[in-house]
Structures are given as structure tokens and as C-alpha cells.
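Enquirer:
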Amino acid sequence: MSKPKKIRKRKSFMFTSRHYSMMSIISFAMGVASLGGMIASILVAFSKKGAPPVHIGGVGLFAMIGNIVGFIAAVRSLNERDIFKWVSYAGIGLNIAGLLLWTALVLFGG
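Structure (C-alpha cells):
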């Protein structure tokens, strides 16, 4: 009795239309901009020896608003079909981290 022949599977390719969601890209950019604003405002505060100009508070306010908008955009982008979800999750993480860091800076920083 001879060995049975192996049944080979045909190689098949599945093409998808996955793309990067515009909302998730906006969310990611808002998180990066907020963290960049935080680094810049901390550097300004250190260079002024702990007495930064008053308009630095506006940077914090707009960064916190941007974090909230970025978080909402990331959550809304998760409902879209055929997108790369890692950008949305990265946007959620960056925006939550930025919001928590700005809140800690406002509460404990001065």
C-alpha cells in the first residue's frame, strides 16, 4: 500500500480596503501636539526660573480641550469599518495621558 498524496491548499490572497481613518489621525496628532505643548511650557517655566508668563496658562487650557476633542475623535473612529485600529488606540492612549499629565500639572504644579 502506498502513501496517500498530500492535499495541497491553494494559496489565496485576500485583498482588503483597510485604511487609516481621518478621525484617528486627528486624534493621534492632537495627542502629540498636546504633549509637545506640555514639554515646551515646562521648558519655558524652567527658563524663567519658576515664574512663566501668564499666557502659558492658555497653552494648558487649549491643550486640555484638544485632548478631550482627540479622545472623542478616537472613540468615534473605532466605529468605522475596515480601518487600522492601532492608530485609534494610540490616539486614545496619548490623549488620556496628556489629559492626566496636564491635570496633574495644574493641581500640583503651582
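Per the working numbering, the very first residue in the sequence shown carries number 6; after that it's consecutive.
From the three backbone atoms N, C-alpha and C, an ideal C-beta is built for every residue, glycine too.
Being a predicted model, the structure only gives us computed values, none of them experimental.
1. Let me know the secondary structure DSSP gives I30 once reduced to three states.
2. If we ignore side chains and look at the alpha-carbon of each, how far apart do A109 and I77 end up?
3. Is the region 86 to 93 touching the region 47 to 58, taking contact as three or more C-beta pairs under 8 Å?
4. H24 to F33, Cα distance in whole Å?
5. Beta-carbon within less than 7 Å of F113's beta-carbon, same chain only, minus the 5 sequence neighbours each way: which residues are those?
6. Under the DSSP definition of a beta bridge, which residues are partnered with H60?
7. Do S39 and A68 have their beta-carbon atoms positioned less than 9 Å apart in this structure?
8. What residues are listed by DSSP as bridge partners for I88?
9. Let me know if L99 comes out buried or exposed under the rule of 16 or more other beta-carbons within 10 Å of its beta-carbon.
10. List the whole-angstrom C-beta distance separating M43 from G75, where the pair is believed to meet the contact cut-off of C-beta under 8 Å.
11. Tell me whether M28 is buried or exposed, calling it buried when 16 or more other Cβ atoms sit within 10 Å of its Cβ.
Expert: So, to answer that:
1. helix
2. 21 Å
3. Verdict: no, contact absent.
4. If I take the Cα positions, the gap works out to 15 Å.
5. none
6. H60 is not bridged to any residue.
7. yes
8. H24
9. buried
10. Not quite, the Cβ-Cβ distance comes to about 14 Å (not below 8 Å), so this is no contact.
11. buried
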